[in-house]
Structure formats: structure tokens, C-alpha cells
Amino acid sequence: MLFCGLVLCFPIVAQQRALKDVFKDDFMVGAALNRRQIFEEDTRGAAIVSKQFNTITPENVLKWALVHPKPDAYDFTAADRFVKLGEKHGMFIVGHTLVWHNQTPRWVFQDEKGNAVDRETLLQRLREHIFTVVGRYKGRIKGWDVVNEALNQDGTMRQSPWFKIIGEDYLERAFAFAHEADPSAELYYNDYDLELPAKRAGAVELLKKLKAAGVPIKAVGLQNHNLMDWPSVADEDATIDAFAKLGLRVNITELDVDVLPRTTKPGADYAVDVEVTPQLNPYTDRLPDAMQLQLAKRYAELFRVYVKHRDAIDRVTFWGVADGDSWLNNWPMKGRTNYPLLFDRYGLAKPALAAIVNLDSALKWPAELNAEQDHQRLLDLLHIGSLRPGVNGNDPNAPNAANYDEAKANPYPALPDPLLLKNGKRVTDAKTWWNKRRAEIVEDFDREIYGRVPANVPKVDWEVVETKREVKYEIPVVTKRIVGHVDNSAYPLVNVDIQLSLTTPANAVGPVPVIMELSFVFPPGFRFPASMAPTGPPWQQQVLSKGWGYATVIPTSVQADNGAGLTLGIIGLANKGQPRGLDAWGALRAWAWGASRALDYFETDKSVDARRVGLEGHSRYGKAVLVAMAYDQRFAIAFVSSSGAAGAKLHRRNWGELVENIASSGEYHWMAGNYLKYAGALTWKDLPVDAHELIALCAPRPVFISAGDKGDYWVDAKGMFLAAAAAGPVYKLLGKRDLGATEFPAIETTLIDGDVAYRQHSGGHTPGPNWPTFLEFASRYFTKSHSQLTQIH
Ligand code: GCU
1 MLFCGLVLCF
11 PIVAQQRALK
21 DVFKDDFMVG
31 AALNRRQIFE
41 EDTRGAAIVS
51 KQFNTITPEN
61 VLKWALVHPK
71 PDAYDFTAAD
81 RFVKLGEKHG
91 MFIVGHTLVW
101 HNQTPRWVFQ
111 DEKGNAVDRE
121 TLLQRLREHI
131 FTVVGRYKGR
141 IKGWDVVNEA
151 LNQDGTMRQS
161 PWFKIIGEDY
171 LERAFAFAHE
181 ADPSAELYYN
191 DYDLELPAKR
201 AGAVELLKKL
211 KAAGVPIKAV
221 GLQNHNLMDW
231 PSVADEDATI
241 DAFAKLGLRV
251 NITELDVDVL
261 PRTTKPGADY
271 AVDVEVTPQL
281 NPYTDRLPDA
291 MQLQLAKRYA
301 ELFRVYVKHR
311 DAIDRVTFWG
321 VADGDSWLNN
331 WPMKGRTNYP
341 LLFDRYGLAK
351 PALAAIVNLD
361 SALKWPAELN
371 AEQDHQRLLD
381 LLHIGSLRPG
391 VNGNDPNAPN
401 AANYDEAKAN
411 PYPALPDPLL
421 LKNGKRVTDA
431 KTWWNKRRAE
441 IVEDFDREIY
451 GRVPANVPKV
461 DWEVVETKRE
471 VKYEIPVVTK
481 RIVGHVDNSA
491 YPLVNVDIQL
501 SLTTPANAVG
511 PVPVIMELSF
521 VFPPGFRFPA
531 SMAPTGPPWQ
541 QQVLSKGWGY
551 ATVIPTSVQA
561 DNGAGLTLGI
571 IGLANKGQPR
581 GLDAWGALRA
591 WAWGASRALD
601 YFETDKSVDA
611 RRVGLEGHSR
621 YGKAVLVAMA
631 YDQRFAIAFV
641 SSSGAAGAKL
651 HRRNWGELVE
661 NIASSGEYHW
671 MAGNYLKYAG
681 ALTWKDLPVD
691 AHELIALCAP
701 RPVFISAGDK
711 GDYWVDAKGM
721 FLAAAAAGPV
731 YKLLGKRDLG
741 ATEFPAIETT
751 LIDGDVAYRQ
761 HSGGHTPGPN
771 WPTFLEFASR
781 YFTKSHSQLT
791 QIH
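The numbers in the working numbering rise by one with no breaks, and the one at position 216 of the sequence shown is 216.
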């Protein structure tokens with residue numbers, strides 16, 4: 001069962017002028033409406049329509065098959081509502097479409113025996129249809145797409161039943177009927193791909209002929225079902241010119257931009273029965289930030305052409321209101337997730353809307369630097385000529401192969417003392433830790449390592465977009481899909497929607513503990529290498545069987561995992577699209593920020609015990625989990641899996657991945673710009689703090705540091721153990737237990753008696769084998785309560 005759309009908070013309405021106002025001196029701006037918008041059942045869609053547009057077209061309800069399904073049966077229910085809606089809002093109402101080869105019932109062209117009717121019969125039917133439909137809305141529908149798509153891609157006449165049975169003059173006749181039915185209505189010829197030179201030439205010829213014959217045609221409709229790279233600005237420009245020269249008005253009638261891969265080029269026959277592979281449907285969850293920006297730029301360039309031709313153009317109509325409505329989710333193949341319009345699936349404005357609305361304004365585009373350029377920019381700011389290169393973890397024979405020799409692993413054994421104040425005094429009581437020393441450590445991590453979260457990060461409105469009752473691992477559960485819309489009204493060219501999902505036992509009697517994973521999104525068709533393959537029962541099942549809930553948050557929905565993305569995502573939004581400063585946050589801090597915002601949501605959800613929310617993350621997300629746990633004291637426990645360098649591993653260790661690797665252009669975006677110094681003029685021992693102090697920031701809360709073995713040497717299991725051990729004094733100062741070991745233990749030794757816990761499993765680079773240990777550790781804190789859960793077996 002599905003009960004959707006419980007809106008927790010009001011969606012953010014960007015403080016932007018409406019499209020119809022922005023372009024009021026240029027042309028009307030409109031949208032095609034579906035049934036749910038016409039009947040105002042889609043309240044979000046209807047609100048967008050009334051605010052943004054001053055002209056509407058029915059996407060389907062006036063097509064022959066819908067309005068006139070049987071010879072003697074017309075159904076005007078929806079069309080009447082459509083026209084009323086337009087009148088209610090004082091909109092220019094367009095009718096679509098009278099003559100087309102699609103969505104026209106077969107009976108139109110056949111007699112009772114199924115044979116093709118003759119010319120006179122078809123003309124008679126056409127006249128009757130047009131008189132009935134156009135006549136009904138005489139004076140109310142102001143313009144009609146009389147003939148739709150009469151041309152082939154090469155500019156010749158399409159051999160439609162209309163053409164074959166009536167002959168080429170079917171167009172003339174249709175226009176004449178429509179004119180007769182409502183002499184005041186504007187009449188249009190509407191078609192797609194008229195930007196193809198051959199098709200355009202054919203259309204010019206056709207329209208010239210119609211005009212010469214005195215056909216009362218007012219405008220040509222360029223459908224503009226565009227791709228990201230087609231038609232070019234020059235094609236569009238030339239096309240509008242070509243038709244304007246004929247003395248016709250030019251309307252943009254079905255505007256959208258397909259962002260998904262096509263198997264064919266414009267001009268070829270699109271096949272709707274192509275099988276949808278993951279490669280053909282790559283953005284099932286969200287449109288990547290970089291694509292979102294490219295889409296905004298695409299819309300801006302198109303609108304610049306339209307505005308340039310404002311003297312020829314009366315109207316620009318989008319083919320749909322919000323992305324979820326678009327026909328392009330089902331064409332040219334069914335069941336894809338497309339993003340062709342200005343409003344997203346939540347009904348919120350996309351950067352493309354801001355781009356159009358601010359076409360001439362000073363709104364500055366996000367800087368577009370690739371990772372190398374941004375990395376170099378930071379080096380310049382730091383006055384560093386070059387960095388020491390990282391080590392090679394793949395080839396043991398490489399000259400710069402990673403070190404795996406313990407004898408060489410500890411060049412800087414002296415670690416900064418977490419309990420020594422900057423003024424040289426020793427911290428001997430909890431109060432001094434909380435009031436002074438902790439803040440010193442945080443400041444060092446902020447400035448030198450992970451970067452600062454800016455003061456002006458906009459707020460997040462959480463919306464439950466779907467609530468589903470289901471059975472998972474034989475346990476009845478409630479799963480919610482929740483989206484955190486970040487207020488981007490200060491810089492609408494960047495949008496951030498945090499993706500969160502929460503599953504809790506349906507029969508819990510009260511709020512339950514929740515373990516939240518910071519999850520990878522693997523590319524389409526991805527397969528785990530053997531060393532990372534999940535083992536044992538899924539972690540979600542293990543968590544649920546404790547009577548707890550599980551959640552996943554998608555870090556890349558907060559911040560992209562690359563340097564080129566730093567002017568987008570939450571970092572870019574807070575910085576209005578400009579490159580970040582040296583002590584500004586990097587991706588790890590941004591991901592951790594996202595996890596904290598998810599916890600904000602949990603505090604509002606009655607099914608969650610927000611004081612018992614644990615975190616889990618692996619590898620780069622293991623690093624992020626440790627950062628989140630260290631910085632946000634509301635998190636109750638953390639499972640930090642194979643976090644390695646920039647996670648729980650001591651920066652001062654020479655084993656596997658090094659500071660130099662993290663500082664390279666492939667990974668520097670995780671960190672503050674200042675971190676690069678330690679692979680340049682400075683070295684590891686110059687870092688004012690090290691990983692043991694990050695773990696110490698988690699104190700007194702329990703934290704489990706996890707590593708693997710085979711294939712997981714890169715993360716430095718021992719370097720993480722040493723850090724966990726060296727955090728001990730802070731735990732003890734706060735009345736908690738340390739790791740209880742100082743010697744690196746044998747693989748699979750379980751150290752979970754203290755509040756800092758550690759275990760190296762014998763598997764590879766995966767959290768899998770350590771889940772049972774973590775849950776055993778967590779059970780000590782999240783007392784299991786059987787009464788909270790009823791299982792069906
Ligand atoms: C690379 C990187 C690690 C990181 C890992 C991952 O191996 O060097 O630091 O943890 O990717 O996230 O999978």
C-alpha cells in the first residue's frame with residue numbers, strides 16, 4: 001500500500017519573478033497541462049501553472065481519440081474543465097490538435113467493414129469533428145493547432161491516412177473548416193525537428209503554398225523537443241528566421257530538453273520499444289549537479305534566441321509542468337527518469353528556471369573549474385609550486401610503491417597530546433576539556449584539515465515524499481523516502497535535495513534506535529570486486545532483527561565527490577557558486593553536515609529515538625562518519641569502516657595511503673585547502689592535530705573503528721588501531737573506558753569492552769564481516785527491548 005505526499009514542511013518557494021511577468025514584453029509563456037492539473041488534483045502543479053504561465057495547452061484531452069472516441073460520442077468533460085481553468089486565470093487558451101496521424105481512432109479512416117473510406121467521407125468526418133470541437137469553444141479557445149506533423153524528416157509529405165485518403169489539400173481544407181467554425185481563432189501548423197535543414201525547407205515550401213492559396217494560417221509552431229546539444233543556437237536562430245520571413249508568427253509550442261542518452265539522432269526514427277538498460281537510464285535518483293547546471297545553461301541559451309526573436313514569437317509553451325509529468329519519461333523508451341522541464345519532481349524550481357528568469361541580470365553562474373584547475377588555484381593561494389606525489393597502491397614494484405613494511409611505518413611516533421592545552425598546561429579535568437581543549441582541537445581540524453562549515457549555510461526543509469508499508473526480511477516495516485530541500489533562494493542556480501530513506505519496524509510500540517548508513521550510489525551495472533562483495537545477511541536485516549530501524553543518506557546528494565563539483569552542491573550553494581577559500585569545508589565535512597541534517601529530521605519523526613541514532617560508513621564514507629560523529633554530539637554511536645587516510649588512520653604513519661595521496665587532485669576535495677600544505681612546504685608531523693584527536697572528539701560516546709585485511713592494506717589497520725588507542729586518555733578523563741590494548745592485536749581480535757572499540761576482520765575492503773561485532777557493541781548502549789517488536793515467522 002502506498003500513501004504518498006505527506007508534506008511535513010512547506011516547500012520552499014524561491015523568491016523569483018514569475019515567467020509570465022519576466023517575459024511580458026516579449027511573448028506569452030505557457031505549459032501543456034495533463035488531466036490531473038486540469039482537474040486541479042495535482043495541487044502543486046496547478047499552483048505552478050497559475051503563478052507562472054499566461055497561456056495553456058492541453059497535453060492530451062483535446063486529441064481526437066480522447067474528445068471524440070467513437071463516431072457519435074464526444075467527451076468534453078476534461079476539455080470543458082481545461083477551458084474553464086484557463087478562463088479562471090485569464091489565460092490565452094490553445095487547442096491541440098485537430099488533424100494528426102497519432103491518437104486518432106482507427107474508425108475515422110475506415111468504414112464499418114474496416115476498409116479505407118473515400119475522400120468525401122473523410123472530409124465530411126473532418127468537417128464534422130472540427131465544427132463540433134472548435135465550434136464548442138468558439139471565442140474561448142483563442143488558437144488551434146489545426147494540423148500537426150504533416151511532414152517527414154526529409155521534408156516530404158508524411159504518408160498519413162489524411163494525406164493518402166484526401167490528398168495534399170487536406171491541410172487547406174482543415175484550415176478552412178476551422179476558420180469557418182471560429183473566424184476569430186488563430187490557426188497554426190505545428191511540427192517537430194523543423195531545425196533539420198531538409199525538414200525546414202519542406203515546411204517552408206508547404207507553408208508558402210498554403211499562404212499563396214489564401215489559407216488563414218497565423219503561425220508555425222516549432223515544437224522544440226530539444227536535446228542537450230541539438231538543435232544548436234544557430235539552427236534555432238535560422239529556423240525562426242526562415243518562418244518569420246514568410247510573414248508567419250512563430251511559436252515555441254512543446255518545449256523541453258531531454259537530458260538522457262538517445263540511441264538515435266534527431267531525424268532518425270525513434271523506437272519506443274528499445275529495452276531500457278541502466279546505461280540508458282542513468283539518473284534514476286537524481287540529476288547530477290553538473291548536469292543540472294548544463295541544463296540551466298541550455299535553457300538560457302535557448303531563451304536568448306527566443307528573446308532575440310521576440311518580434312516574431314507570440315508564445316513559448318513548455319510540454320509539461322514538472323519533470324515527473326513529462327512524456328519524456330516514457331519516450332523514446334518506457335520507464336526512464338528524465339529531467340526535461342523547469343520544475344522538479346517535488347514541484348520546486350530548478351536552476352534552469354533561475355537561469356531563464358535572470359537571463360539579463362547580474363546573477364553569476366557557478367564557476368566551472370575542473371579538479372586540476374581548482375587544485376592549482378588552491379596551490380596558488382598557498383604559494384606552493386608543487387606537491388610531493390602520492391604513493392602507488394596498485395603496483396608494489398613501482399618506484400613510489402606504498403610502504404607496507406612496519407619497520408618504515410613510524411617516522412614520527414610522537415603524537416600531539418590531546419590533553420595538552422596550547423598554553424602548555426595539562427588538562428586534568430573534564431571541565432577544561434569541554435571548555436578549552438576540545439575547542440582548540442576543533443579549531444585545528446576546522447582550519448587545517450576538514451575546513452569550516454560557513455555560518456550562512458541555508459536551512460533544510462524535510463519532506464516525506466513517500467511512505468510505504470512493506471515486509472523486509474519477514475518483518476513488517478514502514479519505509480519513508482524523505483528529501484531535504486535546501487533553501488536556495490539566495491542562489492537559485494544551485495539546488496540541493498538531500499536524499500534520505502528510513503525504515504522502522506511497523507509494530508514498534510515506541511521510537512526505536514536507528515542506524516544510518518552514508519551510502520554509495522554505484523554506477524549503472526556496477527559489480528563489487530570479490531574483496532568488497534557483501535557477505536552474510538544484509539546489514540539492514542541485522543539491524544532490523546535487533547528491533548531497530550535503519551536509514552541511508554546519500555552523501556553525493558549533498559556534495560558531489562569530485563573537485564569540479566565544489567562550486568555546486570551545498571558547498572557551492574553556501575558560497576554562491578564561487579570557488580572556496582583555504583579554510584572552507586571540503587566534501588567530508590559537507591557529507592557530515594548532511595548526516596547532521598538527517599538527524600534534525602529524525603528529531604521530528606516519532607518513530608525514531610533521536611537520542612539513539614548511530615552512523616555507519618565505509619571507506620570515504622567511513623571518514624565522513626568519523627567527522628560527523630566528532631562534530632555532532634547528538635550522534636550516539638559510530639561504525640567507522642576502513643576509513644584509512646583522512647579518517648581514523650594517523651596522518652603521521654607511513655603505510656598505504658598518505659597525506660600526499662589525499663592532497664592530490666583526485667581527493668583534495670574531501671579536505672580543506674589548507675591541508676595541501678602538508679604535502680608541500682610542510683609535512684605530516686607539522687599537522688597540529690592527528691586522527692587520534694578526531695576520535696577523541698567523539699568522547700565520551702562509543703565509537704567502533706573497523707578495518708579489513710586482504711585487499712585492505714591501503715587503509716592501514718594498525719595506524720587506525722594506534723589512533724583509537726591514543727584517543728584513550730580523553731575517554732578516561734570523561735569517565736569512560738579506553739580501548740584496553742596498546743599492542744596491535746591479531747586479526748579478528750574483538751576489542752569491544754571499552755567505549756572505543758576496534759576490530760580488524762579477515763575479509764577485504766568491506767564493512768560486511770564486522771557488522772555483527774558492531775551491533776553487539778551497540779547493543780550495550782541501545783538496550784534491546786523485545787516488546788518494541790513483533791516479528792512474523
Ligand atoms: C580510494 C581512496 C581512499 C578511499 C577509498 C574509497 O582508495 O584512496 O582514501 O577510502 O578510495 O572510498 O573507496
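Every residue gets a Cβ at the ideal spot worked out from N, C-alpha and C, and that includes glycine.
Note that the coordinates shown come from a computational prediction; the quantities given were computed from them, not determined experimentally.
Quick one: is residue i buried, meaning 16 or more other Cβ sit within 10 Å of its Cβ, or exposed?
{"i": "V83", "result": "buried"}
{"i": "K546", "result": "buried"}
{"i": "Q540", "result": "buried"}
{"i": "A778", "result": "buried"}
{"i": "E87", "result": "exposed"}
{"i": "D311", "result": "exposed"}
{"i": "E660", "result": "buried"}
{"i": "P418", "result": "buried"}
{"i": "V509", "result": "exposed"}
{"i": "D686", "result": "exposed"}
{"i": "F528", "result": "exposed"}
{"i": "R17", "result": "exposed"}
{"i": "H793", "result": "Unreliable placement is indicated for H793, whose pLDDT of 31 sits below 50; the coordinate value is still reported in the next sentence. It counts as exposed."}
{"i": "T749", "result": "exposed"}
{"i": "N397", "result": "exposed"}
{"i": "A322", "result": "buried"}
{"i": "F92", "result": "buried"}
{"i": "R426", "result": "exposed"}
Tell me whether the beta-carbon of residue i lies closer than 8 Å to the beta-carbon of residue j.
{"i": "L500", "j": "Y601", "result": "yes"}
{"i": "S596", "j": "H618", "result": "no"}
{"i": "L255", "j": "T317", "result": "yes"}
{"i": "G320", "j": "W331", "result": "no"}
{"i": "T239", "j": "L222", "result": "yes"}
{"i": "G202", "j": "G155", "result": "yes"}
{"i": "W670", "j": "Y678", "result": "no"}
{"i": "N674", "j": "A574", "result": "no"}
{"i": "P505", "j": "I475", "result": "yes"}
Distance check for residue j and residue i, CA to CA, integer angstroms please.
{"i": "H761", "j": "D716", "result": "13 Å"}
{"i": "V521", "j": "I554", "result": "7 Å"}
{"i": "R249", "j": "K218", "result": "6 Å"}
{"i": "I705", "j": "V471", "result": "32 Å"}
{"i": "V204", "j": "A242", "result": "7 Å"}
{"i": "E368", "j": "K308", "result": "26 Å"}
{"i": "G666", "j": "P769", "result": "29 Å"}
{"i": "A672", "j": "R447", "result": "7 Å"}
{"i": "W64", "j": "K164", "result": "19 Å"}
{"i": "I570", "j": "V134", "result": "51 Å"}
Compute every distance between the C-beta of residue i and the non-hydrogen atoms of the ligand GCU, then say whether any falls below 7 Å.
{"i": "A398", "result": "no"}
{"i": "A645", "result": "yes"}
{"i": "R620", "result": "yes"}
{"i": "N661", "result": "yes"}
{"i": "E657", "result": "yes"}
{"i": "W434", "result": "no"}
{"i": "E616", "result": "no"}
{"i": "W714", "result": "yes"}
{"i": "E667", "result": "yes"}
When the Cα of residue i is compared with those of the options, which residue comes out closest?
{"i": "H179", "options": "R127, E205, W331, A587", "result": "R127"}
{"i": "G719", "options": "W655, L341, Q159, D605", "result": "W655"}
{"i": "E616", "options": "G90, A636, L682", "result": "A636"}
{"i": "N358", "options": "P492, K732, P511", "result": "P492"}
{"i": "A691", "options": "Y713, P745, A630", "result": "A630"}
{"i": "A414", "options": "R262, E657, T263, V689", "result": "V689"}
{"i": "F76", "options": "V61, L85, W433", "result": "V61"}
{"i": "P511", "options": "S489, A560, D609, W593", "result": "D609"}
Considering only heavy atoms of the ligand PLP, does any lie closer than 7 Å to the CB of residue i?
{"i": "L676", "result": "Although the ligand PLP was asked about, the structure shown includes only the ligand GCU as ligands."}
Within the 8 Å Cβ cut-off, does residue i reach chain B?
{"i": "E128", "result": "The chain labelled as chain B is not found in the depicted structure, where only one protein chain is given."}
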